[in-house]
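The block underneath contains the structure these notes are about, expressed in structure tokens.
There are 2 protein chains.
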Amino acid sequence: MALEQIAEVVQNGKILEAIEDEFNGVIVEVNEPMDPKLFHSKLKTSVSHWRQQGKKGVWIKLPIKLVSLVEPAVNEGFWYHHAEPTYIMLVYWIPKSGNTIPANATHRVSIGAFVMNQKREVLVVKEKIGKTLKGMWKFPTGTADEGEDVCDAAVREVKEETGIDTEFVEILSFKQSHKALFGKSEIFFVCILRPKSFDIQIQELEIEAAMWMPLEEYITQKYVQSNEFMKDITEKYKEKVDLDEVHTEFSIIKKKFTQNFLLSLRALVSSLK
Amino acid sequence: MALEQIAEVVQNGKILEAIEDEFNGVIVEVNEPMDPKLFHSKLKTSVSHWRQQGKKGVWIKLPIKLVSLVEPAVNEGFWYHHAEPTYIMLVYWIPKSGNTIPANATHRVSIGAFVMNQKREVLVVKEKIGKTLKGMWKFPTGTADEGEDVCDAAVREVKEETGIDTEFVEILSFKQSHKALFGKSEIFFVCILRPKSFDIQIQELEIEAAMWMPLEEYITQKYVQSNEFMKDITEKYKEKVDLDEVHTEFSIIKKKFTQNFLLSLRALVSSLK
Numbered sequence: 001m002a003l004e005q006i007a008e009v010v011q012n013g014k015i016l017e018a019i020e021d022e023f024n025g026v027i028v029e030v031n032e033p034m035d036p037k038l039f040h041s042k043l044k045t046s047v048s049h050w051r052q053q054g055k056k057g058v059w060i061k062l063p064i065k066l067v068s069l070v071e072p073a074v075n076e077g078f079w080y081h082h083a084e085p086t087y088i089m090l091v092y093w094i095p096k097s098g099n100t101i102p103a104n105a106t107h108r109v110s111i112g113a114f115v116m117n118q119k120r121e122v123l124v125v126k127e128k129i130g131k132t133l134k135g136m137w138k139f140p141t142g143t144a145d146e147g148e149d150v151c152d153a154a155v156r157e158v159k160e161e162t163g164i165d166t167e168f169v170e171i172l173s174f175k176q177s178h179k180a181l182f183g184k185s186e187i188f189f190v191c192i193l194r195p196k197s198f199d200i201q202i203q204e205l206e207i208e209a210a211m212w213m214p215l216e217e218y219i220t221q222k223y224v225q226s227n228e229f230m231k232d233i234t235e236k237y238k239e240k241v242d243l244d245e246v247h248t249e250f251s252i253i254k255k256k257f258t259q260n261f262l263l264s265l266r267a268l269v270s271s272l273k
Numbered sequence: 001m002a003l004e005q006i007a008e009v010v011q012n013g014k015i016l017e018a019i020e021d022e023f024n025g026v027i028v029e030v031n032e033p034m035d036p037k038l039f040h041s042k043l044k045t046s047v048s049h050w051r052q053q054g055k056k057g058v059w060i061k062l063p064i065k066l067v068s069l070v071e072p073a074v075n076e077g078f079w080y081h082h083a084e085p086t087y088i089m090l091v092y093w094i095p096k097s098g099n100t101i102p103a104n105a106t107h108r109v110s111i112g113a114f115v116m117n118q119k120r121e122v123l124v125v126k127e128k129i130g131k132t133l134k135g136m137w138k139f140p141t142g143t144a145d146e147g148e149d150v151c152d153a154a155v156r157e158v159k160e161e162t163g164i165d166t167e168f169v170e171i172l173s174f175k176q177s178h179k180a181l182f183g184k185s186e187i188f189f190v191c192i193l194r195p196k197s198f199d200i201q202i203q204e205l206e207i208e209a210a211m212w213m214p215l216e217e218y219i220t221q222k223y224v225q226s227n228e229f230m231k232d233i234t235e236k237y238k239e240k241v242d243l244d245e246v247h248t249e250f251s252i253i254k255k256k257f258t259q260n261f262l263l264s265l266r267a268l269v270s271s272l273k
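In the order they appear, the protein sequences are chains D and U.
For the first sequence, UniProt numbering begins at 1 and goes up steadily by one.
For the second sequence, UniProt numbering begins at 1 and goes up steadily by one.
See the structure below:
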């Protein structure tokens, strides 16, 4: 079918407006209200038209205000791909061969932060909510926002929870876990930050208490010693502190960068199994 | 309200069945068909009931076959939290204070793989689809599945694209990027793998060609030299190869683990800005 003909059909309103993607698929974005029955009928005609054209994936993005169009799309064979607070994305695969539709985001990225002052005390908090670590003295943790670098997330979370200003220094380690919140996977980065202020002001909604705790006291806590990953990273952190690698200037750390650049995940992975 | 009374209301069918979560919220999971109007009416009564109880977040999980219940929930003030092919999760926040509802997965995790044979040749492919790297000789890349470790994803992708069996050795580097597919963030891990077989068999759906290419030829390619990250990691890889660190035995690499464990993200991040 020539391009003019396609345009004509669209103009006559039989086919939904769509743009092509680089994988021979089409993307329909509906923004104006439409009668659900009319939408269903148009969608049926459109899919048949795209099938003739040899198209593969068909995407429909519907803002939440057009929720009434979700049911007709599902009844036409579409399924949910992903949803965000303001819209839902539905998808359909035309060919009979297995679909190559990319999955939505699969991981959450979280951070934990070692912050130490000149007295060899680390910044620790007690959380109010959740069950696992409630009441434990632990380093500040949090989740990276969509679009946020790991190092910025660590600085932000420490500031939010404790009021302490910090600078990102380096990543000490990371850990993978699966089947976490909503069944998703998670990568947890443990960061080293350097404090730029020392007066603690806690965020009262989520944090019960915060303090500077001597590193040796932190290490000997029962929950640190009984958790292989926590014990391992804490000892590695202490090793770095003892070597005075943490409080050196950035320029020096940057010079060390090439030597420290390589990270073997193998031992980490096997330590988790 | 006493527990018996709650049970009674639920038994009378006025309130939707719900389980409590550890953050003082409730989770409703509907699995049997229900008239959309009846569902709307019950939902209204239920939310009012949970408000009196001081509940916070309200979650509704609906399988795709119950798509007709999505619209009444949205009309009652619920919004989309996330969706997977088989279900949609809706959410509502009762208190007037700002909501602390956790975000869904924000990141995709992808991998690139350096695989070198005894002749100092690296495994490269040319992709059929996509635009960015089509026609370039590049190392195999791919996306980690939900629930899959980075090292397993690298081994799987190399096998799928080229037929080569490998063992994971270590992570050479990683890179963060944002606003990628569906607006999500991405962490790209560059892995070093050791080949266990050498006969290439390409996956014809996505791969146009694959070959073993001399490392020096790989490095001098224009696209490698013009991309700061590619150039940087390729040179670091070559450095390791020259030091004969890659083909040593696992036990030795594991011993080196403590020295190589630390990774500074700073230079990486600043090289990307």
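Note that the Cβ used here is the ideal one computed from N, Cα and C, for glycine as well.
- Listed along the chain, the chain U residues whose CB falls inside 7 Å of the CB of Gln176 of chain D are Asp149 and Val150.
- Sequence-ordered contacts of the region 78-98 of chain U with chain D read Trp79, Tyr80, His81, His82, Ala83, Glu84, Pro85, Thr86, Tyr87, Ile88 and Met89 [C-beta pairs closer than 8 Å].
- Nearest CB-CB separation between Phe182 of chain D and chain U: below the 8 Å threshold.
- Beta-carbon to beta-carbon, Ile27 of chain U and Trp59 of chain U are separated by about 4 Å, close enough to satisfy the 8 Å threshold.
- At a cut-off of 4 residues, the continuous stretches assigned as alpha helix (DSSP H) that sit fully inside the UniProt domain "Nudix hydrolase" (106-237) of chain D are 150-162, 215-220 and 222-226.
- Using a Cβ-Cβ cut-off of 8 Å, Asn117 of chain U does not count as an interface residue toward chain D, since no Cβ of chain D sits closer than that to its own.
- If the five residues before and after Lys159 of chain D are omitted, its C-beta is found closer than 8 Å to the C-beta atoms of Asp165 and Thr166, all from its own chain and listed in chain order.
- Considering only beta carbons, the part of the region 47-77 of chain U lying closer than 7 Å to chain D consists of Ile64, Val67, Ser68, Val70, Glu71 and Val74, in chain order.
- Rounded to whole angstroms, the gap between the alpha carbons of Lys175 of chain D and Thr106 of chain U is 17 Å.
- Using a Cβ-Cβ cut-off of 9 Å, Arg108 of chain D is close to Pro102, Ala103, Asn104, Ala105, Thr106 and His107 of chain U, given in chain order.
- Secondary-structure assignment with DSSP links Val91 of chain D through a beta bridge to D:Trp59 and D:Trp79.
- Proximity of the region 143-152 of chain U to the region 229-238 of chain U falls short of the contact definition, fewer than three beta-carbon pairs being nearer than 8 Å.
- Look at Ile64 of chain D here: in three-state DSSP terms it is helix.
- Secondary structure at Val241 of chain D: helix, using DSSP grouped into helix, strand and coil.
- For Val28 of chain D, the enclosing beta strand (DSSP E) starts and ends at Val26 to Glu29.
- Look at Asp35 of chain D: its C-beta is not under 8 Å from any C-beta on chain U.
- With distances taken between CA atoms, Ile200 of chain D lies nearest to D:Val124 out of D:Val124, D:Val241, D:Leu193 and D:Glu186.
- Interface annotation, Asp145 of chain U: in contact with chain D, CB-CB separation under 8 Å.
- Setting aside the 5 residues that flank it on each side, Leu172 of chain D is surrounded in the same chain by Phe114, Val190, Cys191, Ile192, Ile233, Lys236, Tyr237 and Lys240, each with a C-beta closer than 8 Å to its C-beta; the list follows chain order.
- Across the structure, Met213 of chain D and Trp137 of chain D are spaced so that their CA atoms are roughly 9 Å apart.
- Of all C-beta pairs linking the region 91-109 of chain U to the region 48-65 of chain U, three or more are shorter than 8 Å, placing the two stretches in contact.
- The beta carbon of Val155 of chain U is closer than 7 Å to those of Thr166, Phe168 and Leu193 in its chain, skipping five residues each way along the sequence.
- For the pair Glu161 of chain D and Ala210 of chain D, the CB atoms are nearer than the 8 Å cut-off.
- Only residues of its own chain outside the window of five on either side were considered, and among them Ile15 and Leu16 have a CB closer than 6 Å to the CB of Ser46 of chain D, listed in chain order.
- When secondary structure is reduced to three states using DSSP, Glu71 of chain D falls in the helix class.
- Judged by their CB atoms, Val74 of chain U and Val67 of chain D are nearer to each other than the 8 Å cut-off.
- Spanning the alpha carbons of Leu90 of chain U and Ile202 of chain U requires a straight line of approximately 43 Å.
- Residue environment analysis places Gly135 of chain D among the exposed positions, since fewer than 16 neighbouring C-beta atoms fall within 10 angstroms of its C-beta.
- Contact between Glu206 of chain D and Lys128 of chain D is confirmed by a C-beta separation of about 6 Å, below the 8 Å threshold.
- Chain-ordered, the chain D residues with CB closer than 7 Å to the CB of Ser185 of chain U read Glu146 and Gly147.
- Excluding residues up to 5 positions away in sequence, Lys126, Glu127 and Lys128 lie with their Cβ nearer than 7 Å to the Cβ of Glu208 of chain D in the same chain.
- Any Cβ of chain D closer than 8 Å to the Cβ of Lys179 of chain U would place that residue at the interface, and such an atom is present.
- For Lys14 of chain U, no alpha helix (DSSP H) run applies, since DSSP gives it neither H nor E.
- Within the same chain, Leu66 come within 7 Å of Pro33 of chain D by CB-CB distance, once the 5 residues on both sides are set aside.
- The beta carbon of His81 of chain D lies closer than 6 Å to those of Met89 and Val91 in the same chain, with the five residues before and after it left out.
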